[in-house]
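Enquirer:
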Amino acid sequence: MCIILVRVIRSVVRHPIHFQTMSTRQSSDIVKFKESLKAAKEIVILSGAGISAESGIPTFRGAGGYWRKYQASSLATPEAFRSSPSLVWEFYHYRREVAAQAQPNAGHIAIAKFEMKYGVEKKVTVITQNVDGLHERAGTKNLIELHGNLFKTRCTKCKEVLANTDIPICEALANRGAPDANIVGSDIPIKSLPHCKKENCSGLLRPHIIWFGESLEPAILEKAGEAMESCDVCLVVGTSSVVYPAAMFAPQAAQRGAIVAEFNIEPTPATPDFHYYFEGPCGKTLPVALSD
Ligand code: BJW
Ligand code: ZN
Numbered sequence: 001m002c003i004i005l006v007r008v009i010r011s012v013v014r015h016p017i018h019f020q021t022m023s024t025r026q027s028s029d030i031v032k033f034k035e036s037l038k039a040a041k042e043i044v045i046l047s048g049a050g051i052s053a054e055s056g057i058p059t060f061r062g063a064g065g066y067w068r069k070y071q072a073s074s075l076a077t078p079e080a081f082r083s084s085p086s087l088v089w090e091f092y093h094y095r096r097e098v099a100a101q102a103q104p105n106a107g108h109i110a111i112a113k114f115e116m117k118y119g120v121e122k123k124v125t126v127i128t129q130n131v132d133g134l135h136e137r138a139g140t141k142n143l144i145e146l147h148g149n150l151f152k153t154r155c156t157k158c159k160e161v162l163a164n165t166d167i168p169i170c171e172a173l174a175n176r177g178a179p180d181a182n183i184v185g186s187d188i189p190i191k192s193l194p195h196c197k198k199e200n201c202s203g204l205l206r207p208h209i210i211w212f213g214e215s216l217e218p219a220i221l222e223k224a225g226e227a228m229e230s231c232d233v234c235l236v237v238g239t240s241s242v243v244y245p246a247a248m249f250a251p252q253a254a255q256r257g258a259i260v261a262e263f264n265i266e267p268t269p270a271t272p273d274f275h276y277y278f279e280g281p282c283g284k285t286l287p288v289a290l291s292d
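To convert, note that position 158 of the sequence shown is 158 in full-length UniProt numbering; the numbers rise steadily by one, no gaps.
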């Protein structure tokens with residue numbers, strides 16, 4: 001774990017923001033990109049919240065990134081959970097409901113179909129920052145969830161991670177979590193929030209999500225790092241590329257010579273680092289890029 005952390009920090013120090021000085025000339029030549037994709041042996045698709053936007057799941061940054069009066073990122077911290085587990089559980093209860101009702105869109109499906117078709121002759125890895133489970137529901141098999149999953153819990157005491165799709169996850173959260181700005185938190189007593197069912201434990205459960213300031217799981221980071229280091233083509237889909245360590249994956253791959261293509265509705269700080277930039281909703285651009 002230490003080695004991975006040292007590698008991450010060393011890399012961030014070496015490349016503090018993005019590789020703005022890289023002289024790659026941007027292209028949006030889809031025919032040329034598809035030729036590279038066809039020739040590739042190892043492909044990574046790195047996704048972020050933008051891929052689920054067309055399924056009705058709000059992104060983190062920008063107008064949709066609020067729940068009540070809170071910026072989503074201010075609730076996604078261990079400090080917020082410590083100071084108000086009730087508020088944070090209400091927020092996640094709402095997010096679980098939204099994600100459970102959402103359906104994978106054309107972007108998720110194009111990726112899953114691509115893997116199904118080429119996953120034997122090529123190594124296709126999907127690395128997602130999303131926690132909504134939509135890649136898996138679309139049929140993606142070789143999936144790395146960097147930041148956890150809304151439908152998993154972790155016991156704060158014994159650390160056991162379990163899948164949990166119950167909605168509500170506990171009685172006290174029924175009809176809670178409405179996102180309107182004028183709603184006040186319910187202040188649910190801790191004893192009524194979800195708890196570990198293991199005998200002799202009964203610890204408070206938390207969402208199995210990587211919050212700001214928390215380290216990613218070393219094994220997951222290692223697996224993602226391996227895929228990024230050996231891919232010859234990388235698609236960066238619907239991410240603002242501002243949250244580390246994921247933000248440095250694709251710029252590093254581009255720097256060592258992999259072909260990187262970004263799919264977004266607007267440029268990001270990492271756009272100048274990449275070879276290709278395809279602008280537009282990825283539910284439209286991905287099916288074209290990933291079809292024969
Ligand atoms: C479309 C579209 C359409 C819209 N089609 N596109 C090094 C330097 C500086 C800071 C740090 C650093 N290393 C670590 C940090 C601190 C921190 C960090 O990165 N902070 C930055 C904000 C600066 N990172 C961490 O704390 C990480 N931990 C860590 O590294 O530990 C070790 C360590 C700590 C401290 C120092 C050094 C080492 C953990 C990060 C965990 C991130 N967790 C979250 C919350 C999950 C909770 C939840 O879901 O409830 O994960 S944050 C949030 O951002 C979420 C996302 O996965 C993540 C990325 O966001 P994403 O996916 O890019 O979404 P958006 O909304 O930003 O962008 C959407 C994009 O889609 C936009 O570009 C749109 O244009 C586009 N789009 N519609 C295509 N239809
Ligand atoms: Zn426990």
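Note that CB positions come from ideal geometry on N, CA and C, so glycine has one too. These numbers were taken from a predicted model, which means no experiment stands behind them.
Suppose the cutoff is 7 Å on Cβ atoms and the five residues either side in sequence are ignored; what does the same chain contact list for Ala40 look like?
Expert: Contacts found: Lys122, Asp232, Val233.
Enquirer: Assign Pro251 to buried or exposed, taking buried as 16 or more other Cβ atoms, counted over all protein chains shown, within 10 Å of its Cβ.
Expert: Its Cβ being crowded by 16 or more others within 10 Å, Pro251 is buried.
Enquirer: In the DSSP assignment, find the beta strand (DSSP E) that holds Leu37 and state where it starts and stops.
Expert: Unbroken run through Leu37 is the alpha helix (DSSP H), 30 to 39; no beta strand (DSSP E).
Enquirer: Under a criterion of Cβ closer than 6 Å to any non-hydrogen atom of the ligand NAD, which residues qualify, in chain order?
Expert: No copy of the ligand NAD occurs in the structure displayed; its ligands are the ligand BJW and the ligand ZN alone.
Enquirer: Mapping the DSSP letters down to three states, classify Leu216 as helix, strand or coil.
Expert: Reduced to three states, the DSSP call for Leu216 is coil.
Enquirer: So what does DSSP say about Thr165, is it helix, strand or coil?
Expert: Reduced to three states, the DSSP call for Thr165 is coil.
Enquirer: Could you work out which residue in Leu162, Asp166, His275 is closest to Arg95 when comparing CA atoms only?
Expert: When each option's Cα is compared against that of Arg95, the closest is Asp166.
Enquirer: Please list the terminal residues of the continuous beta strand (DSSP E) segment that includes Ser47.
Expert: Taken as a continuous stretch (DSSP letters only), the beta strand (DSSP E) holding Ser47 covers 42 to 47.
Enquirer: To the nearest angstrom, how far is the alpha carbon of Lys174 from that of Phe81?
Expert: Position check: residue 174 holds Ala in this sequence, whereas Lys was assumed. Near 19 Å, if we compare the C-alpha coordinates of Phe81 and Ala174.
Enquirer: What residues match up with Gly148 in a beta bridge as DSSP calls it?
Expert: Paired residue(s): Ile209.
Enquirer: How should Ile265 be labelled, buried or exposed, when 16 other C-beta atoms within 10 angstroms of its C-beta is the threshold for buried?
Expert: Under this definition Ile265 is an exposed residue.
Enquirer: When the Cα of Thr268 is compared with those of Val288, Pro287, Ala247, which residue comes out closest?
Expert: Measuring from the Cα of Thr268, the nearest candidate turns out to be Ala247.
Enquirer: Taking the C-alpha atoms as reference points, what is the distance between residue 294 and Ser192?
Expert: Look at the range of the chain in this structure, 1 to 292, and you will see that residue 294 is not part of it.
Enquirer: Going along the chain, which residues of its own chain have a beta-carbon closer than 7 Å to the beta-carbon of Leu204, five neighbours each way excluded?
Expert: Excluding positions up to five away in sequence, the list reads Pro85, Thr156, Ile190, Leu193, His195.
Enquirer: Using only alpha-carbon positions, find the residue among Phe151, Arg176, Val243, Gly238 that is nearest to His208.
Expert: Nearest of Phe151, Arg176, Val243, Gly238 to His208, Cα basis: Phe151.
Enquirer: Suppose the cutoff is 6 Å on Cβ atoms and the five residues either side in sequence are ignored; what does the same chain contact list for Ile51 look like?
Expert: So the qualifying residues of the chain are Gly107, Val237, Gly238, Cys282.
Enquirer: What span of residues does the beta strand (DSSP E) with Val237 cover, start to end?
Expert: Taken as a continuous stretch (DSSP letters only), the beta strand (DSSP E) holding Val237 covers 233 to 237.
Enquirer: Taking 7 Å as the line, does the beta carbon of Pro281 fall inside it for any heavy atom of the ligand BJW?
Expert: Yes - the ligand BJW has a heavy atom lying nearer than 7 Å to the Cβ of Pro281.
Enquirer: Measuring only between beta-carbons, confirm whether Ser52 sits less than 8 Å from chain D.
Expert: The structure shown has no chain D; it contains just one protein chain.
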